[in-house]
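Working notes for the structure below.
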Amino acid sequence: MRTILVIGIGTGNPAHVTIEAIAAMNRADVFFVVDKGPAAGELNRIREEILARFVTRAHRIVAIADPPRDRTAAAYEGAVADWHAARAGLYGEAIVDALGADGCGAFLVWGDPSLYDSTLRILDGVERAGVTFARKVIPGIASPQALAAAHGIVLNGVGEPVRITTGRRLATEPPGEGESVVVMLDDGTGLDAVADDAEVWWGAYLGTPDEVILAGRLGDIRHAIKGLRAERRARKGWIMDICLLRHRRGAPPA
Ligand SMILES: C[S@@+](CC[C@H](N)C(=O)[O-])C[C@H]1O[C@@H](n2cnc3c(N)ncnc32)[C@H](O)[C@@H]1O
124 MRTILVIGIG
134 TGNPAHVTIE
144 AIAAMNRADV
154 FFVVDKGPAA
164 GELNRIREEI
174 LARFVTRAHR
184 IVAIADPPRD
194 RTAAAYEGAV
204 ADWHAARAGL
214 YGEAIVDALG
224 ADGCGAFLVW
234 GDPSLYDSTL
244 RILDGVERAG
254 VTFARKVIPG
264 IASPQALAAA
274 HGIVLNGVGE
284 PVRITTGRRL
294 ATEPPGEGES
304 VVVMLDDGTG
314 LDAVADDAEV
324 WWGAYLGTPD
334 EVILAGRLGD
344 IRHAIKGLRA
354 ERRARKGWIM
364 DICLLRHRRG
374 APPA
């Protein structure tokens, strides 16, 4: 039976790669690559560096084309579902074409596969379409962990929950009193909806040589974050950033 390994590789620092991930990579005959967009070149370069550093076994790299996504669709979830279905078709074809009946293929997933990554859901679609394989997931260091480590902080208050959300949702669901919120996938407008009194721990390009972090009262560093975001994005052509927001108890929520 074919095997598909879904391997978390951390957020840009090859030293994030775990010993379990290295062992898994050295089982794979084929690595499937699907990135696109402005960051694709650099993310693939980091993946290539990881393969060159840690994989001693002969392997092939197979690129899977990414179908276009309808970002204008009013029904966001429907557009994403269509896109995942199209991707499942392409993944299934690539798996069948590239792997023999007992072959082993791997997807190297940025961060950890459990967090804002579609690989596992797309593989569910591949299986539903009738392509069978054994599946193993190897965890990686996710960006909230990289953020916490970079600042030397704990994400949650003592005995408290943490909400992980997107910049898009922050406008309608800002941090409540005392709440800790990790914000990912922000287009740069997420913080606009958050009150000045919130504390923020922000980081971009975490784990890479371009890593930059800032922390403080949001009202004091909001402009600095926006400025850095714009400047780094213009310089590199892309940005990946994340932050923890904590609204102080007693401070008025937005
Ligand atoms: C598509 S999600 C992938 C998340 C990934 N699976 C993880 O475990 O972190 C991409 C988002 O993760 C965050 N992210 C990923 N890598 C990052 C990094 N090196 N520095 C800062 N944020 C990062 C950003 O919020 C980015 O918009």
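Numbering of the sequence shown is given in my numbering, commencing with residue 124 and proceeding in unit increments. C-beta atoms are modelled at their ideal positions from N, C-alpha and C, and glycine is treated no differently.
| Asked | Found |
| --- | --- |
| Where the alpha helix (DSSP H) through TRP324 begins and ends | Note, TRP324: premise wrong, no alpha helix (DSSP H); beta strand (DSSP E) at 322 to 327. |
| Any non-hydrogen atom of ligand 1 within 7 Å of TYR328 CB | yes |
| Boundaries (first-last residue) of the alpha helix (DSSP H) holding GLY248 | 242 to 251 |
| Meets three-Cβ-pair contact criterion under 8 Å: the region 292 to 307 and the region 230 to 237 | no |
| ASP235 - DSSP class collapsed to helix/strand/coil | coil |
| Contact test: ILE365 Cβ vs ligand 1 heavy atom, cutoff 7 Å | yes |
| Beta-carbon spacing of ALA327, VAL335 below 8 Å | yes |
| For ASP152, the three-state DSSP class (helix, strand or coil) | coil |
| Through-space distance from LEU367 to PHE177, alpha-carbon basis | 32 Å |
| First and last residue of the uninterrupted beta strand (DSSP E) at VAL285 | 285 to 289 |
| 8 Å contact criterion, which SER266 and ILE365 should meet: CB distance rounded | 5 Å |
| Bridge-paired residues (DSSP) for PHE230 | VAL129 and PHE155 |
| Check: SER266 C-beta below 7 Å from any heavy atom of ligand 1 | yes |
| From VAL306, LEU293, MET124 and ARG170, residue whose alpha carbon lies closest to that of ILE218 | MET124 |
| ALA338 - containing alpha helix (DSSP H), residue span | Where ALA338 is concerned, there is no enclosing alpha helix (DSSP H), although the beta strand (DSSP E) it sits in stretches over 335 to 340. |
| Assigned exposure category for GLY201 - 16 Cβ within 10 Å defines buried | exposed |
| N- and C-terminal bounds of the alpha helix (DSSP H) containing ALA271 | 266 to 274 |
| Segment contact flag, the region 243 to 251 with the region 305 to 317, C-beta cutoff 8 Å, min 3 pairs | no |
| Any non-hydrogen atom of ligand 1 within 7 Å of ASP240 CB | yes |
| C-beta atoms of LEU293 and ALA321 nearer than 8 Å | no |
| Anticipated Cβ contact below 8 Å, ARG180 with ASN149, distance rounded | 5 Å |
| Range of the contiguous alpha helix (DSSP H) that encloses ASP309 | It is not in any alpha helix (DSSP H) - ASP309 carries neither H nor E in the DSSP assignment. |
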